[in-house]
Every structure is written in structure tokens, then in C-alpha cells.
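In what follows, a single structure is set out as C-alpha cells and then discussed.
Protein chains: 2
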Amino acid sequence: MPEAAAEEDDIIGILSGMGPYAGLDLAQKIHRHTAARTDQEHLSVALLSYPGWIPDRSTYLFDHTKPNPTPALAKIARRLEAAGATVVGTPCNTAHCSPIFDALTERLSDAGSQVHLVHMIEETARHLRRAHPGIERVGVLSSLAVYRLSLYQDVLEAAGFDVVRPDEKTQREVVDAVIFDETYGIKAQSDPVTDRARRDLLDAAADLKENGAEAVILGCTEFPLALPERDAHGLPLIDPTRVLARALIRAGAPDQLAPPIRPQPPLASN
Amino acid sequence: MPEAAAEEDDIIGILSGMGPYAGLDLAQKIHRHTAARTDQEHLSVALLSYPGWIPDRSTYLFDHTKPNPTPALAKIARRLEAAGATVVGTPCNTAHCSPIFDALTERLSDAGSQVHLVHMIEETARHLRRAHPGIERVGVLSSLAVYRLSLYQDVLEAAGFDVVRPDEKTQREVVDAVIFDETYGIKAQSDPVTDRARRDLLDAAADLKENGAEAVILGCTEFPLALPERDAHGLPLIDPTRVLARALIRAGAPDQLAPPIRPQPPLASN
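Spelled out as C-alpha cells, the structure:
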């Protein structure tokens, strides 16, 4: 066991608020994947969840005349840095689309920020190669913005994977609605999620399997709240928030990365 | 529904790290008790969990030659303020003992801090009067430090309640061990907690009932992880973290305080 962390040790920053529960889920997964037996051995985590500051990512990505979330994200990232964060992750897939993520890293760099912003989607591609070496064809469930901007598709194809996705109609009417529907969507009801959200997501994963997927990425941070299990229909379910948690520990405190463990039911589902 | 929060709205700060899961539990309860239907309507929360900075509270309270956690707590509170927090709570009962809490408020005041530090134990006494008006005799389960320094006893008696506590031997050998035992204690195993921790706590609550308690305060932030239910042995279980969550919302964004809801199983028990 390592000694208790000193003040100069790395602090892991969580740039949160999209939605608020995804930030708590990431923080919980960081603690869960840390080798620690006492309070003092746990890693330092700064979580800033300022949802009211951050305009909707998808709305902006579909229409650049709408409010741009990037300035708020940069401002929160700078506050994380002021709080001591050296390595930062953001548990929001849509925020990794290049019109936001690249603009964010540029803004931070221009402002002289020293923070290391970990890229959740690139880490997910690395994780697939490392933990599932036999897999070639990967299914992706995501928000409509991430789908249309081919976020996972581009990163995964660059890493040598084939990508399977829902058809556009299913993506729009079923998968996106699981996130955003005002009645049964996870953003409206995440605590607990609705049966409808869970069922629709399982059905969408079954469709991907029929189209040859050998694993399914839950490419929206809300999805693992509805599907906390390790597999569905015999395929591994990949939780990028879990991958990000481990990547942040690896970046900030590699000696304290716990051996891989089974994913657990999420904090918001009980 | 209120409008999305503007940048100048209050930010709720969580001074955390004692233990790390208690901070996540408080953050989750703040979200749970907030009236919000979209990401943007959720309250801004800054959570700084720097466990390695903060020497053990009980150790210091029993022996003032040991490292004092107060300077680290003040430093973290100042960083919360720099991150924008206007109202701050700390989900650690032991940190509310006056040798720490009073020294912390004095330090912050000397440093010119404007932050409003909410007192979890005083809020718990207020909650009892408001939500359980018939109750006169209150049982308290806590850490040994909180027990010996009569933290709840003093605050509750000042508010006109009778207080029932375990005898010193049970407090030391059973209740304190539920927190600190290196094998089955909640600090060593909080995710999930052990059956032993849960059983010992239920037995201690039964003893308090036999001695006339009409409600039982779970006066250690780890306890609700083991006993998430609303009642035990027919007595209401009072969760000060839940009370603190509602007090922080009331202080920072009173219009968004949701109606009281049943307590839920904790984030770490699933």
C-alpha cells in the first residue's frame, strides 16, 4: 500500500455537469478502481459540476449559431486547475466531438493551461485492443450528435476496427430518445432510469449483434446508468466512463491502479 | 421549473475526503433533492475530495499533539471558494467537533472568507423538530470521538431533546469498529459494506430503542451506507447527510428544494 498522498501529488479533475450524475458515476468509478484501504490512501479528486453554465452540446453541434458550450467548459477546466487538478477527464461523449473538444484544448493551451486533458474515446479504442484482443467489429450506441459526427467511428476505424451502428431512423427515434425523451429519457429520469429506457437500449444492442458486432460501446455517459451489466446478448458492454476512470488513475497515480474488476450497478439505479 | 442557472448563481461546495464516498453520497443527495428536469436546471456543485491532505480527525481529537486536520480543511475550503462556492457543507460528523469546526470557521473568517459553512449537526436538530415534532428522546450512533466529545448530545440537549447513547464499551467495541475495523469496517469496505457492519449497527439501534429512543441518528456519514432504509425496529433513522443536502439547497437555491422524499439505498451499496 502506498503512503498517504502528499499535497504535491496529482489531483484528478472531473469536468462535469453534462449530466450531473455522469460526473458522480465517474468519481465513484475512480474510487472503485483505486487500491486504497484508508481514507488517506484514496486519490484526490476535484469535481466541478456546473450544469447551468454549459449550453447543450448536441444543440450547438447541429447548429453553430446556437450557444457554444466551449467557453464555459474552458472556464470550468481553469477552475479545476486552480483547485489543483493536473489531469482532467470529462464524462460526456458529445463534448469529445472535435468542434468542442479541439476548440477546448486550443483555448486551454492559449490560456497557458498545463492540465492534461484525457480523451475518453481514444482511451476506449486503446482499451478494446488491450482487453479484447480478438474483437474486430464493434457496435456503438451514442447520442445523435456523436452518431452524425462519427466520433466513435472515426477513432475506432483509425485504430483498425470495423464499426456497426444503428440505422439513422433507429438512432433518431429509439437510441437518442433513450437519452432525451422528456418522459422516459435518462436525462429526465436517471434516478432510477425507466424500464422503457433500459429495454430500448437492450433492443438496440441486439440489433447491433445481428449486424455482426462483437462488443457494444455504451457511447453516452448516461447509458451505463441503464445497462450496468458486463455483457448483453453474450457481447461485452464497454463503459467508456469506466475506461476513463482507469485512464485518469493511470495518468495521475499509476501505482494505485487496482486490478480490473467487474463493472457494478450504477450509483443512480438503486 | 426555474430557468437554467446563470453564472452568478450560488454554487454549493462539498468539503470532502473524510471518507471519499461520503462526499459522493452528499452530492448524489443534493441532486436527488433538487427540482430539475434537465441537465441545465441542476444546481452547481463543487466537490473537492483531498483525503491524503487531511489527517485523521479522531486521532487529533484524542491527542492534540497529533497532526491537526484544520489547516488542510481551511485550505480546501478556500479552494472551494476560489472555484465559486458560496455555501459549503462537509459530510463528516467528526469534523464538526468544536476543536476542529470552530477552529476552521475562525481560520476562514481570519482569511476574509465569505463562504457560508452550514453546520450539519445543528441542521439535524432543526430537522428533528420540524419533521418529527412528537419526538423527545433521540438515540445517537456515532464515532467514538463524536461520542466522547458529546457533539450530538450537546447540540440536541440545547435544542430540548433527551439523548440516548450506547454504553462506552459497546460504543468502543461495536459501534466504532463498524467504522474503523480493518477487516469489516466501512472505511475498509464501503463498496459494498460488509454484512457484519450492517448487523452490528442494527443491533446497536435495537439497544437504543430498548433504552427509550424514539428516533436514531446515524451520526457518522458512513452509517447510511450500511443502513439506507427509512426506519429500523419501527424507529425513524435520521441521515444527517440527507439533512445537510437539503439544508445546502435551502441555503443556495431555496426555489429548487424538492418535496421531501424517501431516503434511497446509497451509491456504494449496490
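Protein chains in written order, with the numbering used here: chain A, 577 to 846; chain B, 577 to 846. Beta carbons are placed, not taken as given, at the ideal position from N, Cα and C, and that holds for glycine.
Reducing DSSP to helix, strand and coil, say where residue i ends up.
{"i": "A/Ala665", "result": "Reading off the sequence, residue 665 of chain A comes out as Gly, not Ala. A/Gly665: strand per DSSP, three-state reduction."}
{"i": "A/Thr610", "result": "strand"}
{"i": "A/Ile825", "result": "helix"}
{"i": "B/Pro812", "result": "strand"}
{"i": "A/Ser592", "result": "strand"}
{"i": "A/Ala791", "result": "strand"}
{"i": "A/Arg705", "result": "helix"}
{"i": "B/Pro842", "result": "Residue placement at B/Pro842 is poorly supported in this model, since its pLDDT is 44, which falls under 50; the coordinates still yield a value, given next. B/Pro842 falls in the coil class under three-state DSSP."}
{"i": "B/Asp767", "result": "coil"}
{"i": "A/Ile587", "result": "strand"}
{"i": "B/Arg806", "result": "coil"}
{"i": "A/Gly628", "result": "helix"}
{"i": "A/Gly710", "result": "coil"}
{"i": "B/Val691", "result": "coil"}
{"i": "A/Ala580", "result": "Here A/Ala580 scores only 43 on pLDDT, less than 50, and its place in the model is too uncertain to base an answer on."}
Mind listing the chain B neighbours of residue i? Cutoff is C-beta to C-beta under 9 Å, in chain order.
{"i": "A/Lys763", "result": "Arg613, Thr614 and Asp615"}
{"i": "A/Asp767", "result": "Gln604, His607, Arg608 and Gln840"}
Could you please give the first and the last residue of the uninterrupted beta strand (DSSP E) stretch that includes residue i?
{"i": "A/Ala622", "result": "Ser620 to Ser625"}
{"i": "A/Val739", "result": "Asp738 to Val740"}
Just the C-alpha distance for residue i and residue j, rounded to the nearest angstrom, thanks.
{"i": "B/His703", "j": "A/Gly810", "result": "49 Å"}
{"i": "B/Arg683", "j": "B/Leu623", "result": "20 Å"}
{"i": "A/Glu579", "j": "A/Glu617", "result": "Because the pLDDT of A/Glu579 is 38, which lies under 50, any placement of that residue in the model is unreliable, and the question is left without a value."}
{"i": "A/Leu720", "j": "A/Pro709", "result": "28 Å"}
{"i": "A/Asp615", "j": "A/Gln604", "result": "14 Å"}
{"i": "B/Leu591", "j": "B/Lys745", "result": "32 Å"}
{"i": "A/Leu619", "j": "B/Tyr760", "result": "22 Å"}
{"i": "B/Ile588", "j": "B/Phe756", "result": "29 Å"}
{"i": "A/Gly828", "j": "B/Leu784", "result": "45 Å"}
{"i": "A/His692", "j": "B/Ala834", "result": "38 Å"}
{"i": "B/Lys651", "j": "A/Asp752", "result": "43 Å"}
{"i": "A/Ala671", "j": "B/Gln729", "result": "49 Å"}
{"i": "B/Asp831", "j": "A/Thr641", "result": "32 Å"}
{"i": "A/Ile854", "j": "A/Asn644", "result": "Not covered by the structure: residue 854 of chain A. The range shown for chain A is 577 to 846."}
{"i": "A/Ala658", "j": "A/Arg608", "result": "26 Å"}
{"i": "A/Val664", "j": "A/Ala612", "result": "21 Å"}
{"i": "B/Ala807", "j": "B/Cys673", "result": "In the sequence on display, residue 807 of chain B carries Asp and not Ala. Those two C-alpha atoms are separated by around 27 Å."}
{"i": "A/Glu805", "j": "A/Leu813", "result": "7 Å"}
{"i": "B/Val750", "j": "B/Ser634", "result": "16 Å"}
{"i": "B/Arg826", "j": "B/Glu758", "result": "37 Å"}
{"i": "B/Val731", "j": "B/Asp815", "result": "16 Å"}
{"i": "A/Glu798", "j": "A/Arg774", "result": "11 Å"}
With distances taken between CB atoms, is the gap from residue i to residue j smaller than 8 Å?
{"i": "A/Thr817", "j": "A/Ala598", "result": "yes"}
{"i": "B/Ala687", "j": "B/Arg655", "result": "no"}
{"i": "B/Ser766", "j": "B/Gly595", "result": "yes"}
{"i": "A/Ala791", "j": "A/Gly736", "result": "no"}
{"i": "B/Thr700", "j": "B/Val819", "result": "yes"}
{"i": "B/Leu777", "j": "B/Val740", "result": "no"}
{"i": "B/Gly795", "j": "B/Asn669", "result": "yes"}
{"i": "A/Asp694", "j": "A/Leu600", "result": "According to the sequence shown, residue 694 of chain A is Val rather than Asp. Not closer than 8 Å, so no."}
{"i": "B/Pro667", "j": "B/Leu637", "result": "no"}
{"i": "B/Leu803", "j": "B/Ile762", "result": "no"}
{"i": "A/Thr662", "j": "A/Asp586", "result": "yes"}
{"i": "A/Ala821", "j": "A/Ile630", "result": "no"}
{"i": "A/Ala780", "j": "A/Leu727", "result": "no"}
{"i": "A/Gly660", "j": "A/Ser625", "result": "no"}
{"i": "B/Asp738", "j": "B/Arg713", "result": "yes"}
Residues of chain A with CB under 8 Å from residue i, in chain order?
{"i": "B/Leu600", "result": "Leu600, Ala603, Gln604, His607 and Leu843"}
Taking Cβ-Cβ distances shorter than 9 Å, what residues in chain A pair up with residue i?
{"i": "B/Arg655", "result": "Ala622, Ala658, Ala659 and Gly660"}
Looking at the unbroken alpha helix (DSSP H) that takes in residue i, where does it start and where does it end?
{"i": "A/Ile755", "result": "Asp752 to Phe756"}
{"i": "A/Leu720", "result": "Leu720 to Arg724"}
{"i": "B/Tyr760", "result": "First-last for B/Tyr760: undefined, no H or E at that position."}
{"i": "A/Pro675", "result": "Ser674 to Asp686"}
{"i": "B/Arg775", "result": "Asp771 to Glu786"}
{"i": "A/Pro647", "result": "Thr646 to Ala658"}
{"i": "A/Gln729", "result": "Leu727 to Ala734"}
{"i": "A/Thr635", "result": "Arg633 to Phe638"}
Closer than 7 Å by beta-carbon distance: list the chain B residues that pair up with residue i, in chain order.
{"i": "A/Met696", "result": "The contacting residues do not exist; A/Met696 stays about 18 Å from chain B at best."}
In chain B, which residues lie with their C-beta within 8 Å of the C-beta of residue i?
{"i": "A/His618", "result": "Gly593, Gly595, Pro596, Ser625, Pro627 and Gly628"}
List the residues of chain A whose Cβ lies closer than 7 Å to the Cβ of residue i, in chain order.
{"i": "B/Asp585", "result": "Gly628"}
Just to check, is the beta-carbon of residue i closer than 7 Å to a non-hydrogen atom of the ligand PLP?
{"i": "A/Thr614", "result": "No copy of the ligand PLP appears in this structure; indeed no ligand is present at all."}
How about residue i: is its C-beta nearer than 8 Å to some C-beta of chain C?
{"i": "A/Ala687", "result": "Going by chain labels, chain C is absent from the structure shown, which instead holds the protein chains A and B."}
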